[in-house]
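Residue numbers (the working numbering), protein chains in the order written: chain U, 28 to 128; chain W, 307 to 545.
Beta carbons: idealized from backbone N, C-alpha and C, even for Gly.
Given the structure is predicted, the values throughout are model-derived calculations rather than measurements.
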Amino acid sequence: MNSQIFWLIIGMGVVTYIPRMLPFVIFSQLHLPPFWQNVLKNVPYATLGALIVPSVFFIHEDFLFGAVGAFTAFIAAYFGANVFFVVMCSIAVLSFYSFFF
Amino acid sequence: MHSTALAKYKSELIQGIQAGISIAIGYFPVAIAFGLLAERTGLSIAETVMMSAIVFAGAAQYMSLSLIAAHVGAWEIIMTTFIVNIRHFLMSASLNEKVEKDSIWIKALYGFGVTDETYAVAAVRQEMVTAPYMFGLCLMAYSSWVINSGIGHIVGENLPAFLQESMGIALYALFIGLLVPSLKKHRKIIVLALLSAVINSVLLTTGRLSIGWSIALSSLFSSVVVECIFRKLEVQQDE
């Protein structure tokens, strides 16, 4: 293995691990004020919004590709399908879509 | 360990593994594509697998490949990686509000497994998040990421195109599947997700921010704004 690449990977690993691990260590001792605790409880839903939009529309040159997949997932999830089924549904619909269009 | 405690540990581990299956599927096309790209950039299969095993962060790994190809220096690549991945600080801080009390060492260990996807799954879980649940969840995500990076390096080009294309939706379908049930429950959650989606779109199309920063800033900003608004509304209702 190229030793330059080896140390590069180690360096990338360290700087990626630190922000992942640090909050668990710091905020186990230090307690945040209630306002910030509530803010942190909001973060999952806000993050999901930002993870989905706009990226889902750019997974293919054809804008409709992502839109069809997202719409399928939304409908499946809305009618109570579990997450695994939601994922499988949108893969199936898009396989069909890309096979025929 | 008491047998009841052991049974609980086992059941939490299995629930984590089950919750991780969708992530494992979602990582498949992304990791395959990473392996393929790494091979084209000139990385050996050992280097490719090692990067996935030690860094375990999709966006940053992709970015590093284009920087390696452009002969950018190691320090610059490491700094870029740090900047792209600093958003996990926000995610771990948020997840820490939801996890069961545990020793710092155990938390620091499963902290390694925090990605956009494992975070999203764990954070919207109904029950408290336990250490065995996190281990099961992250193990699934991690093995899929590492193994499929290697497979991608070997056979990436031979995968049928329509399958690779259609599987690209998997992670987004996962996110939608996680978000929608919560949307139905609270109006606050609709506002949070919509506001953050709009801000992220504006930042990405007009600004010069990387996607990591854009996601972190829009999430944090929306969470603070919505907390302020809904707190005011609650105070008004009380009066």
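Practice task
Could you tell me whether the Cβ of Leu371 (chain W) comes closer than 9 Å to any Cβ of chain U?
Solution key: no
Handout entry: Identified DSSP bridge partners for Val95 (chain U)
Key = The partner list for Val95 (chain U) (beta bridge, DSSP) is empty, contrary to what the question assumes.
Problem - Nearest-angstrom Cα separation, counted from His58 (chain U) out to Glu403 (chain W) - result: 10 Å
Exercise for the section: Tell me Val435 (chain W)'s beta-bridge partners as DSSP assigns them. Expected result: W:Val405
Exercise for the section: Kindly indicate which three-state DSSP category Ala414 (chain W) falls into: helix, strand or coil? Expected result: helix
Exercise for the section: For Leu1 (chain U), decide whether its Cβ has a neighbour in chain W, counting only Cβ atoms nearer than 9 Å. Expected result: With chain U running from 28 to 128 in the structure shown, residue 1 (chain U) is simply not present.
Practice task
Look up Asp422 (chain W) in the DSSP assignment and say whether it is helix, strand or coil.
Solution key: helix
Handout entry: Buried versus exposed, by CB contacts within 10 Å (16 or more), Lys353 (chain W)
Key = The residue you asked about is not Lys; residue 353 (chain W) is Glu in the sequence shown. Flag for Glu353 (chain W) reads buried.
Problem - Buried/exposed call for Ala503 (chain W), threshold 16 Cβ in 10 Å - result: buried
Handout entry: Partner residues on chain U for Gly417 (chain W), Cβ-Cβ distance less than 9 Å
Key = Tyr44, Arg47, Met48, Leu49, Pro50, Phe51 and Val52
Practice task
Give the residues of chain U in contact with Phe441 (chain W), contact being defined as C-beta atoms less than 9 Å apart.
Solution key: In chain order: nothing, as chain U lies at least about 14 Å away.
Exercise for the section: Inspect the beta-carbon positions of Val405 (chain W) and Phe51 (chain U) and report whether they are closer than 9 Å. Expected result: yes
Handout entry: Segment contact flag, the segment 312–319 of chain W with the segment 341–360 of chain W, C-beta cutoff 8 Å, min 3 pairs
Key = no
Exercise for the section: Taking the CB atoms as reference points, tell me whether Cys483 (chain W) and Cys444 (chain W) lie closer together than 9 Å. Expected result: A small fix is needed here, since residue 483 (chain W) is Gly in this sequence, not Cys. It is not a contact, given that the beta carbons lie outside the stated cut-off.
Practice task
Compute the distance between the beta-carbons of Ile79 (chain U) and Leu510 (chain W), then report whether it is under 9 Å.
Solution key: no
Problem - Met356 (chain W) versus U:Cys116, U:Ala97 and U:Met39, residue with shortest Cα-Cα distance - result: U:Met39
Problem - Within-9 Å CB hit, Phe92 (chain U) to chain W - result: yes
Handout entry: Three CB pairs or more closer than 8 Å across the segment 408–422 of chain W and the segment 369–382 of chain W
Key = no
Handout entry: Start-to-end residues for the alpha helix (DSSP H) that takes in Val114 (chain U)
Key = Val110 to Phe127
Problem - Under 9 Å between C-beta atoms of Tyr44 (chain U) and Gly518 (chain W) - result: no
Problem - Which listed residue (W:Phe334, W:Lys314 and W:Ile460) has its alpha carbon closest to that of Glu450 (chain W) - result: The sequence shown places Ser at residue 450 (chain W), not Glu. Ser450 (chain W) has its Cα closest to that of W:Phe334, out of W:Phe334, W:Lys314 and W:Ile460.
Practice task
Could you list which residues in chain U have their beta carbon closer than 7 Å to that of His459 (chain W), in chain order?
Solution key: The contacting residues do not exist; His459 (chain W) stays about 14 Å from chain U at best.
Practice task
Tell me, please, whether the CB atom of Pro60 (chain U) is closer than 9 Å to any CB atom in chain W?
Solution key: no
Practice task
Excluding the 5 residues preceding and the 5 following Pro438 (chain W) in the sequence, name in chain order all residues of the same chain whose CB lies nearer than 7 Å to its CB.
Solution key: Tyr315, Glu318, Leu319 and Gly322
Exercise for the section: Could you please tell me which residues of the segment 355–366 of chain W, in chain order, have their CB closer than 8 Å to any CB of chain U? Expected result: Met356, Met357, Ile360, Val361, Phe362, Ala363 and Ala366
Handout entry: Alpha-carbon to alpha-carbon, Phe362 (chain W) and Pro487 (chain W)
Key = 29 Å
Exercise for the section: Report yes or no: is there a C-beta of chain U within less than 9 Å of the C-beta of Gly474 (chain W)? Expected result: yes
Problem - Chain-ordered residues of the segment 75–88 of chain U with a beta carbon less than 8 Å from chain W - result: Leu75, Gly76, Ala77, Leu78, Ile79, Val80, Pro81, Ser82, Val83, Ile86 and His87
Problem - Contacting positions in the segment 320–344 of chain W - beta carbon closer than 7 Å to chain U - result: Ile327, Ser328, Ile331 and Gly332
Handout entry: Cutoff 9 Å: Ser520 (chain W) Cβ touching any chain U Cβ
Key = yes
Practice task
Using only the heavy atoms of the ligand MN, determine whether one of them is closer than 8 Å to the beta carbon of Gly322 (chain W).
Solution key: The model on display carries no ligand, and the ligand MN is accordingly not part of it.
Practice task
Could you tell me whether the segment 69–78 of chain U touches the segment 512–532 of chain W, where touching means 3 or more Cβ pairs closer than 8 Å?
Solution key: yes
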